[in-house]
Amino acid sequence: MICRNVATNPALRNSDFFRHLISKSPNLAHLTQTHAQIILNGLQTDVITITKLAQKLSDFNSIRHASLLCHTFPKPDIFLFNVLIRAYSHNKNPLSAISTYAKIRKTTILKPDNFTYAFILSALDDGLDERLGLLLHCHSVVDGYGSDVFVGSAVVDWYFKFSRVGLALKVFDGMPDRDTVLWNTVISGLARNCAFTEAMKIFMKMLGEGAVFDSATLATVLPAAAELQEMTLGKGIQCLALKIGVDCHAHVLTGLVSLYSKCGDCDTAEYLFGQILRPDLISCNAMISGYTCNHDTESAVGMFKELLHSRERVNSSTLVGLIPVHSPFGFLNLTYSIHAFSLKSGVVSNPSVSTAMTTVYSRLNEIEPARKLFDDCPEKTLAGWNAMISGYTQNGLTEKAITLFQQMQGSDVRPNHVTVTSMLSACAQLGALTLGKWVHDVIIKEKLEMNVYVSTALIDMYAKCGSISYARQLFDSMPDKNVVTWNAMISGYGLHGHGQEAVTLLNEMSASRVLPTEVTFVCALYACSHTGLVKEGNDIFRSMVHDYGLKPLSEHYACMVDIFGRAGQLNKAMEFIEGMPVEPGPAVWGTMLGACMIHKDKKLARIASDKLFEFEGEGVGYYVLLSNIYSSERSYAEAASVRQLAKKKQLAKTPGCTLIEIGGTPHVFTSGDRSHPQSDAIYEKLESLLGKMREAGFQTETVTALHDIEEEEKEISVKVHSEKLAIAFGLISSEPGTEIRIIKNLRVCVDCHTATKFISKVTERIIVVRDGNRFHHFREGMCSCGDYW
DNA sequence: ATAGGGTTAG
């Protein structure tokens, strides 16, 4: 009909008419016909008409047609090319966008303008060479668009896309004018890069400067508040939404659903979800994840099934929200079903799904399936690496964690604060001070976020690796401490035998506003038992029950038994056990047995060991302990039978080994080890030491060496314990007067303990030993543990 | 004649 009009009314066949016709065009067929009319009317060289046509063609996804139009146009201007670049950008075809840009610069005299840069920068995705973006940023500045808000927003967004957070902020700071979109770009970029605290700060700054914000701003900042579990700030944002009348916007409501979900208020989340007129997939995902993280798996699965029925597609986010990462133990079958579903539907190759599943399996201590998921995932993201590394450290597989971290270093993914937190935990477990210090340097050099997790991990690492005073220095300088931070410090003091400091710190903690937990008291009681602070331990136990209303766990009882037992008050320990309101478990009897062995009380030892035997199969330590009792009574046949029992249950004893770092290189020794290249020199050194030690009064203990849990093999006459080898190696490979630090996986035996005291005396060295339980600082023939260990 | 930013998952 319109076409007939054209034919009958020549006066209307001008550029304006066709432009109107193009914009009203309902489909591609109509548009093609209009193109024909344009040519018939001789307007095929009118740049405005053709630009409009190219734009409409790309709206109908006919990019090839639009491209042909541009490239065959006799005198194209920059507008026409801009439209084409925008088309490529929308069509997610960055390579064509770039080649168009290259063509403009190489084959025309046209100058790219602010539109060109804005379009092309937004077309670049993270699959491309980073230098392209840098080059374009450069060109835009040279061409004088360095202060243009549109180009600026695109540049900032691009830096965030490539996780160059620092550079993005630098560009943002350099912008003379900032509009709402630029602010929003920065806030969303920070949130996308997990810099939630920074995102909140920028939002505050935006409010402070009186900048205009809109629903997009609030929808962008809400997830940051949700991630930080900042309910107060979140409610403030909700008020602002009300104030500017966008509290019913779907995006804002979705953000609020997420906020309330993550802060544990599932009811409000559900109510707000109900306010969304037409919930889309994203808001449903938010609600599903809300149900899951509040352990309402039934509702989560219900909504998931509903979604499956109503649409044929759910996305990876739906599935991730359904995976019970926070409570995997209660929902094993669900976990397996989700795994099966993701395998069947192929979403398992989505890095987020894979990462969530990796996390769940790690938490279930199923490390092999976790590793398989990680290996099978085609794209290794930061979260994926982090999940696998922390999976290893949380399961005590520290060497594997470190190996994986080294592999990560070789990839193009850079570690963040989460990665280093796991690595610090691995170092703490291993006692790897050099590696730990290196990680600390990385944190400083890379300016990684220093949150309470990182600082606590640092304190724990330094404490567990022997630098207790530096740990305290860090502790004092930390602006925010939570209960875990305090616990780490108190436990550090316990490890080093600084019981008094631990008690003082516990009191300081009560004075501050941080409430102690059961763990705090385990740490504090442990510190008391290892320093022989009987009265203090008793007071703390009573305070825990009466002042804090905490119910003692078996660990607390075991600590108390240890406190009495080590101090030689065996009858009091027994009385304490008899007065327990709950049935004493293997931990309590094991501790009692240990105390009986130290103080050589065979009668009570027999009672404790009989009790302990009722818990057979609980762990290898008790079998070893039992067998040691029999050996010390020279009941070798019985001893052998107990060991046989342990072996039958495939509970082989952990072999003893000791690690020493010299110049950053770790050296590991096992009992009677002769594999070290400097083995001869080491044994020679030991021989000469022994002579000097004997002169100073040292005698080898043989009988008493037969009694501790998990010591190294009792073959002193044949094999030299790994600890002595490491010390001897330390002596010959370090300057006189320097401190020697060694780490042993098992508890140190009496003979080595005494020997180390003498070595520290005759060599005038400080020797720091971290054994399986605690630290020993040897100096001038004395040990900091006061012989309690 | 052509603009840029938003909500879910690890």
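If you count the first sequence from 1, position 253 lands on 253 in UniProt numbering, and the numbers rise without skipping.
Glycine is no exception: its CB is placed at the ideal position from the N, C-alpha and C atoms.
All values derive from a computational prediction rather than experimental measurement.
The three-state reading of DSSP puts T517 in coil, since its state is none of H, G, I, E or B. Per DSSP, L95 is one residue of the alpha helix (DSSP H) stretching across P94 to T107. Of the residues assessed, D173 falls on the exposed side of the cut-off, its CB having fewer than 16 other CB atoms within 10 angstroms. Annotated as distal: A211 and T232, with beta-carbon spacing of 9 Å or more.
When C-alpha distances from L430 are compared across C465, C248 and T419, the shortest belongs to C465. Judged by DSSP in its simplified three-state form, F172 adopts helix. In the displayed model, C783 falls within a strand according to three-state DSSP.
Contact between the segment 756 to 768 and the segment 473 to 485 is absent: fewer than 3 CB-CB pairs across the two stretches fall below 8 Å.
Using a 10 angstroms sphere on the CB of R513, the tally of other CB atoms stays under 16, which defines it as exposed.
When the beta-carbon positions are compared, K761 and E735 stay at least 9 Å from each other.
Burial state of K161 is buried, judged by a 10 Å Cβ sphere holding 16 or more other Cβ atoms. For V668, DSSP records a beta bridge to L659.
H776 sits in a strand when the DSSP states are folded into three classes. Under the three-state reduction of DSSP, K447 is assigned to coil, being neither helix nor strand. Beyond the five residues adjoining it in sequence on each side, T421 comes within less than 6 Å, by CB distance, of Y453, V454 and A457 in the same chain, given in chain order. Here the alpha carbons of F475 and G410 stand approximately 33 Å from one another. Of T517, F18 and H530, the smallest CA-CA separation from H498 is found for H530. Only exposed fits P74, as fewer than 16 other CB atoms lie within 10 angstroms of its CB. Looking at the DSSP output, R741 bridges to V768. Shown here, V353 sits in a helix according to DSSP, grouped into three states.
Assignment of L430 by DSSP, reduced to helix, strand and coil, places it in the helix class. Proximity of the segment 343 to 360 to the segment 304 to 323 meets the contact definition, three or more beta-carbon pairs being nearer than 8 Å.
When only Cα atoms are considered, Y101 and G144 end up about 17 Å apart. Of the residues assessed, C239 falls on the exposed side of the cut-off, its CB having fewer than 16 other CB atoms within 10 angstroms. Distance check between M175 and each of K685, F150, G565 and R774 places F150 closest, using alpha-carbon atoms only.
DSSP places A219 in the uninterrupted alpha helix (DSSP H) bounded by S215 to E227. The C-alpha of M592 is placed about 59 Å away from the C-alpha of L253. DSSP, read as helix, strand or coil, puts A457 in helix. Taking 9 Å as the cut-off, the beta carbon of A269 is found no closer than this to the beta carbon of A224. Beyond the five residues adjoining it in sequence on each side, G537 comes within less than 6 Å, by CB distance, of L525, C528 and I563 in the same chain, given in chain order.
Residue state for N386 is assigned as helix, using DSSP reduced to three classes. Taking 9 Å as the cut-off, the Cβ atoms of G234 and L256 count as close. Every alpha helix (DSSP H) of 4 residues or more that sits fully in the segment 396 to 427 is shown, in chain order, as 398 to 410. The shortest C-alpha to C-alpha distance from E739 to any of H776, M560, L550 and K719 is the one to H776.
For G594, the three-state secondary structure derived from DSSP is helix.
In this structure, DSSP gives T756 a helical state, which the three-state scheme calls helix.
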